[in-house]
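Just so we're aligned: 181 in our numbering is position 146 of the sequence shown, and the numbers increase by one with no gaps anywhere. I have placed the structure first, in the form of structure tokens, so that the comments after it can refer back to it.
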Amino acid sequence: MTFAKIAGIGHYVPENVVTNDDLTKVMDTSDEWIRERTGIQERRYGTKSTETTATMGAEAARKACEAAGIQPSDIDFIVFATLSPDYYFPGCGVLVQRELGITDGECGALDVRNQCSGFVYALSVADKFVASGMYKNVLVVGSEMHSMGLDFSTEGRGVTVIFGDGAGAVIVQPSDSKDSAILASAMHSDGTYAEKLAMLSPGSHGGKHLSAQGDERDWGFAPQEDFGGIFTTQNMLDNGDFYPVMEGQFVFKLAVQKFPEVVLEVLAKAGLTVDDIDMLIPHQANLRIAQFVQRTLKLRDDQVYNNIQRYGNTTAASVPIALSEAIAEGKVKRGDVVVIAAFGSGFTWAGAVFRY
Ligand code: UT7
């Protein structure tokens, strides 16, 4: 039987460090509030116009290729996860492909729009393509350039202070042994609360979903007979509707429930228990969430890896960045049982367990 394994991993974070104190210069917040509520001390912001979600993804991808001992030209397929793409369309999959110089048309590219759980979903796609024998080298990228799309006024502080930029990537290859293989994954979603953590515009919603929820906002849409003109409107711009919104406490309560559930689910699917976990890498949403999950699952400190303190929440990039660092620091070794899990916008949540 053929399995799929993580053959190589790499990550890239921009050089520009932004501390909590830096943010106090542009909005009413404090280092104390941010540390206490989230654990975040600093984050990285990419350089405008030079770095993008795709270029950072390409940097991480090059490192992953090197670690796997392959050339970018060996990549058969790309799965790219992000919520902050360079363009509304086309997706970043083809842009990272161009950055890597693999434009001979042989390699397919797929974008995954699952926000925080994007990397875990993307990895499971790669797993199935490789284990089925369809592809031999699948590149999975999670990358975010959040800093280009956040509200840096005090109004946006509840969201803005949390997010940071960065990218992580893995190369997934066939494996003939369960000693180095993705063992199980699980994916879930529930669209009931789609608008509780979202960036609503631009979009073709026309106000529909929100008006059904009692939102009486004037979106400034053109009349029906004028055709078009509803994707972006001046009112959307004036209302700051291009920024992400989040009902933090609502998300928090569901996250601390779904994280442990999905961890236990993938362990059970793989015939393992919590005692078998060498390392849990939770999506770096909030240190308090990770600590809650750790307590619920009764894991020791050395069984959970967190780096949100230094990078903030990098959404689709957070799991591969953390995994890459944990490996570089020798905290995850070949053969270790690693569980990854994520919860976020959608809501979507997912987990996977693999022997590295
Ligand atoms: O990765 C995607 C998934 N996202 C998550 O998992 C996020 C889950 N939620 C959270 O992590 C937390 O809810 C937050 C960190 C986002 C917020 O923490 P909280 O303890 O839930 O705070 P809150 O939103 O209830 O706000 C408490 C107070 C409010 O003031 P009042 O109304 O009590 O006077 C906010 O206006 O804190 C205020 N506040 C801030 N104050 C200083 C909100 N943001 C800030 C800020 N600095 N940055």
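We put the beta carbon where it would ideally sit given N, CA and C, even for glycine. From a predicted model like this one, the values you see are computed outputs, not experimental measurements.
If contact is defined by three or more beta carbon pairs under 8 Å, each pair taking one atom from either stretch, is the region 359-371 in contact with the region 271-291? no
Might you give, ordered along the chain, the residues of its own chain that have their beta carbon closer than 7 Å to the beta carbon of L218, omitting 5 neighbours on each side? A305, V388, F389 and R390
Can the beta-carbon of V176 be found less than 7 Å from the beta-carbon of V131? yes
Going by beta carbon distance, what residues of the same chain come within less than 6 Å of T383, once the five residues before and after it are set aside? N149, S152 and S224
Excluding the 5 residues preceding and the 5 following P396 in the sequence, name in chain order all residues of the same chain whose CB lies nearer than 8 Å to its CB. Given that the chain is displayed from residue 36 to residue 391, the structure contains no residue 396 and the question cannot be resolved.
Rounded separation between F115 and G128 - CA only: 5 Å
Return the CA-CA distance between N55 and V354, expressed in angstroms with no decimal places. 22 Å
If I measure Cβ to Cβ from G43 and keep anything under 6 Å in the same chain, skipping five residues before and after, which residues do I get? A99, A102, A103 and I206
Quick check: the region 290-306 against the region 337-352, are there 3 or more CB pairs under 8 Å? no
DSSP has Y47 in a bridge; who is on the other side? A202
Looking at Q284 and the ligand UT7, is the gap between the Cβ and the nearest heavy atom below 6 Å? yes
Assuming I316 contacts I375 under a Cβ cut-off of 8 Å, what Cβ separation, rounded to an integer in Å, is found between them? 5 Å
Excluding the 5 residues flanking F164 on each side, which residues of the same chain have their C-beta closer than 7 Å to its C-beta? F112, Y170 and V173
With H, G and I counted as helix, E and B as strand and the rest as coil, what does DSSP make of W68? helix
Buried or exposed by the 16-neighbour rule on C-beta atoms within 10 Å, applied to V196: buried
Residues bridged to Q208 (per DSSP): K40
Got a sec, what are the start and stop residues for the beta strand (DSSP E) L322 sits in? Run containing L322: none in the beta strand (DSSP E); it sits in the alpha helix (DSSP H), L322 to L332.
Does the count of Cβ pairs from the region 184-193 and the region 51-65 closer than 8 Å reach three? yes
K293 versus G386: straight-line alpha-carbon distance, rounded: 10 Å
Buried/exposed call for E396, threshold 16 Cβ in 10 Å: Absent from the structure is residue 396, since the part of the chain shown begins at 36 and ends at 391.
Cβ-heavy atom distance, G143 to the ligand UT7, below 6 Å: no
What do you reckon, is the C-beta of R72 under 6 Å from a heavy atom of the ligand ZN? For the structure depicted, the ligand ZN is absent and the ligand set comprises only the ligand UT7.
Given a threshold of 16 other Cβ atoms within 10 Å of its Cβ, counted over all protein chains shown, does I125 qualify as buried or as exposed? Checking the sequence, you will find Pro at residue 125 rather than Ile. P125 is exposed by the Cβ-count criterion.
Look at the alpha carbon of Y47 and the alpha carbon of A95, and state the distance between them as a whole number of angstroms. 5 Å
Could you tell me whether any Cβ in chain D is nearer than 7 Å to the Cβ of N172? Absent here is chain D; the protein component of the structure consists of one chain.
CA nearest to the CA of E296, picked from Q106, G226, F378 and Y156: F378
Thinking just about the alpha-carbon of each residue, which of G249, A166, I356 and N341 is nearest to the one in D211? A166
In the DSSP assignment, what residue or residues form a beta bridge with S224? T383
Less than 6 Å separating the Cβ of A233 from some heavy atom of the ligand UT7? no
Could you give the C-beta distance for Q76 and Q344, rounded to a whole number, given that I count them as a contact under 8 Å? 5 Å
CB contact flag (E179, A352, <7 Å): yes
Excluding the 5 residues flanking V286 on each side, which residues of the same chain have their C-beta closer than 6 Å to its C-beta? L232
Using CA coordinates, which residue listed in G249, H244, R97 and P279 is at the minimum distance from L185? P279
When burial is assigned at 16 or more other CB atoms within 10 Å of the CB, is E251 buried or exposed? exposed
8 Å contact criterion, which F266 and G238 should meet: CB distance rounded: 7 Å
Quick test of your reading: T88 and S108, contact by CB under 8 Å. State the CB separation rounded to the nearest angstrom. Incorrect: roughly 22 Å between the Cβ atoms, too far for contact.
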